[in-house]
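In UniProt numbering, the protein residues as written are 1 to 202. One structure is given here, and the rest of the page talks about it.
Written out as structure tokens, the structure is:
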């Protein structure tokens with residue numbers, strides 16, 4: 001029996017995560033409520049929890065690190081999971097994994113820090129998805145710059161209040177999002193804020 005999630009709206013508080021079901025054909029709109037807030041996004045195929053959104057496969061299939069409307073996000077089995085329909089920002093990240101407590105210890109000398117890793121684990125647990133070694137995420141609104149020498153720098157997101165990305169589910173999915181809790185760098189403009197997720201019929 002399918003779960004009907006028509007017109008569902010979720011407000012995800014700053015530094016927290018949420019999980020939900022997304023049916024084939026439904027649209028998901030991820031909205032930056034206040035601006036400059038990164039959203040770590042993962043998706044699993046409901047019929048096979050070993051199949052998940054894979055940023056590296058997506059880059060391989062698209063032959064690009066940059067995403068645009070009509071582009072597809074692929075699974076680790078090269079299956080289309082989501083199609084981007086609209087995007088008011090045009091700058092997201094496919095190369096960085098979820099932040100985790102060890103990262104905050106390593107980079108900022110902080111222990112037991114809130115993290116996207118734990119937010120996503122908690123959001124996915126009710127759906128029976130075990131904790132992975134790491135979450136390899138689609139980082140919505142994250143502004144990662146790679147220069148000609150291969151140096152990587154994360155700058156403040158280009159998203160402003162109300163900016164969004166709209167995607168269509170190509171399969172039944174379990175999705176989790178995390179409003180990234182990093183205040184220690186320009187990743188979220190040194191300030192964390194909430195995000196909004198809307199699930200709509202196609």
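Quick reminder that beta carbons are idealized off the backbone N, C-alpha and C, glycines included. These numbers come from a predicted model, not from an experiment.
Going by alpha carbons, who is nearest to residue i out of the options?
| i | options | result |
| --- | --- | --- |
| residue 171 | 22, 39, 152 and 136 | 22 |
| residue 157 | 135, 182, 24 and 136 | 182 |
| residue 199 | 89, 19 and 28 | 28 |
By Cβ distance below 7 Å, which residues in the same chain neighbour residue i in space, the five residues on each side in sequence not counted?
| i | result |
| --- | --- |
| residue 173 | 22, 43, 44, 45, 46 and 81 |
| residue 122 | 17 |
| residue 146 | 152 |
| residue 53 | 42, 43, 73, 75, 81 and 138 |
Under 8 Å, do residue i and residue j count as touching if we go by C-beta distance?
| i | j | result |
| --- | --- | --- |
| residue 191 | residue 141 | no |
| residue 144 | residue 96 | yes |
| residue 30 | residue 197 | yes |
In the DSSP assignment, what are the bridge partners of residue i?
| i | result |
| --- | --- |
| residue 179 | 39 |
| residue 139 | 40 and 93 |
| residue 155 | 143 |
| residue 24 | For residue 24, which the question treats as bridged, DSSP gives no partner whatsoever. |
| residue 168 | 27 and 83 |
Once you ignore the five residues that flank residue i on each side, which residues in its own chain have a CB closer than 8 Å to its CB?
| i | result |
| --- | --- |
| residue 1 | Only weak support exists for where residue 1 lies, its pLDDT of 42 falling under 50; the value from the coordinates is given anyway. If we look at residue 1 and ignore the five residues flanking it on each side, it has no Cβ neighbours. |
| residue 112 | 101 |
How about residue i: is its Cβ closer than 7 Å to a heavy atom in the ligand NAD?
| i | result |
| --- | --- |
| residue 122 | In the structure on display, the ligand NAD does not appear, and there are no ligands present to speak of. |
Throw me the rounded Cβ distance for the residue i and residue j pair, which I believe falls under 8 Å.
| i | j | result |
| --- | --- | --- |
| residue 37 | residue 179 | 6 Å |
To which residues of the same chain is residue i closer than 6 Å at the C-beta, ignoring the five residues directly before and after it?
| i | result |
| --- | --- |
| residue 184 | 108 |
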